[in-house]
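Following our numbering, the residues of the sequence shown are numbered contiguously, the last one being 641. Backbone N, C-alpha and C fix where the C-beta goes; we use that ideal spot for every residue, glycine too.
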Amino acid sequence: MLVIGDLILDHYIWGRVSRISPEAPVPVVHVDSESLKLGGAANVFNNILAWEGKRTSAASSVRMKAAGCSSKSWIDTFWAWRVVIDQDRPTTRKSRVIAHNQQIVRYDVERRAELKPAMQRRILRYVESRLRELSCLVVSDYAKGVVSATLMSELTRLAALRGIPLVVDPKVEHFSYYKGATIITPNYLEATQAAGVHGDDDQASNEAGAIIRQRLGCQAVLVTRGEKGMSLYEERASPGTFPHTPAKYTMSPVRAIR
């Protein structure tokens with residue numbers, strides 16, 4: 384499998400509050416520790432490794448293509464990543480300040496402009512070079528600039544050429560990019576927004592799933608619905624619902640950025 388998408392660094396600052404700042408009506412957080420986690424497409428990549436952990440081919444068959452990494456110290460944590468370095472973009476980083484198990488603020492460092500054509504071509508060349516050994520392409524779109532209409536069009540073509548599934552975790556603003564994908568996996572809010580459907584019940588979910596599948600020409604649409612589980616919509620089958628079952632996700636720490 385090959386994962387393509389926006390590589391994100393989740394940064395957590397853990398501390399405690401004992402006073403309010405004299406400078407402004409905000410809490411003063413005494414920092415106890417910091418941690419870094421894999422986010423965005425990196426988390427998808429890591430979950431696939433965890434899921435396939437007992438299969439010896441997993442690490443060698445999973446690759447990631449991403450952009451926006453200004454430091455290689457944390458990228459090297461997984462040798463299997465294939466990362467495009469763009470010196471004009473910061474690593475997308477979401478920093479959360481948490482005190483007494485309550486998130487106080489989040490601040491993001493990112494640049495959401497589309498990748499330069501040369502960078503997109505590098506991604507596509509890499510996909511083409513690995514195409515013969517792939518059984519699936521996974522696109523994890525966080526709308527940070529990696530996934531574009533041009534990139535998706537070429538990935539769809541390459542997947543069809545090889546006859547392999549193209550799975551997309553979408554963003555609402557990019558739904559028009561995903562035409563021809565094998566399956567897309569929006570959450571309930573994304574699905575209803577993209578389909579222009581209102582409601583909070585099975586009927587609204589069914590209507591949204593049918594509209595999206597028909598509009599994009601997908602073989603299937605899988606709508607994730609939180610505690611209600613997941614609903615699968617296919618062309619020649621009645622909607623199927625899978626109940627929510629808590630799963631254990633492996634969140635590997637990464638080395639600090641220097």
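- DSSP places N570 within a strand segment (E or B) once states are collapsed to three.
- Inter-segment contact for the segment 564–575 and the segment 600–607 is present: three or more beta-carbon pairs are separated by less than 8 Å.
- In the three-state DSSP reduction, G422 falls in the strand class (E or B).
- In the three-state DSSP reduction, I468 falls in the coil class, being neither helix nor strand.
- Taking the Cβ atoms as the reference, S523 lies roughly 3 Å from G388, within the contact range of under 8 Å.
- Taking 9 Å as the cut-off, the beta carbon of G563 is found no closer than this to the beta carbon of A587.
- When rounded, the separation of the alpha-carbon atoms in A591 and V551 is 17 Å.
- A straight line joining the alpha-carbon of T533 with that of Q470 spans about 22 Å.
- DSSP, read as helix, strand or coil, puts K477 in strand.
- Secondary structure note for S518: it is in no beta strand (DSSP E), with a DSSP letter that is neither H nor E.
- In terms of Cβ geometry, V492 and Q486 do not form a close pair [threshold 9 Å].
- Here the alpha carbons of R504 and I468 stand approximately 13 Å from one another.
- Under the DSSP assignment, T533 falls in the alpha helix (DSSP H) whose first and last residues are 532–545.
- The straight-line gap separating the alpha-carbon atoms of H581 and H557 is approximately 20 Å.
- For A496, the three-state secondary structure derived from DSSP is coil.
- Comparing alpha carbon positions, the residue from H483, L599, L615, R495 closest to S416 is H483.
- Residue environment: V488 is assigned as exposed (fewer than 16 neighbouring CB atoms within 10 Å of its CB, all protein chains considered).
- G528 counts as buried, since at least 16 other C-beta atoms from the protein chains shown sit within 10 angstroms of its C-beta.
- Residues of the same chain with a CB within less than 6 Å of the CB of Y560, apart from the 5 flanking positions on each side, are A532, M535 in chain order.
- When C-alpha distances from T539 are compared across G398, G600, I595, V411, the shortest belongs to G600.
- Rounded to whole angstroms, the separation of the alpha carbons of A574 and E537 is 24 Å.
- In the structure shown, the three-state DSSP call for V510 is helix.
- Distance from the CA atom of L541 to the CA atom of C519, rounded to whole angstroms, is 11 Å.
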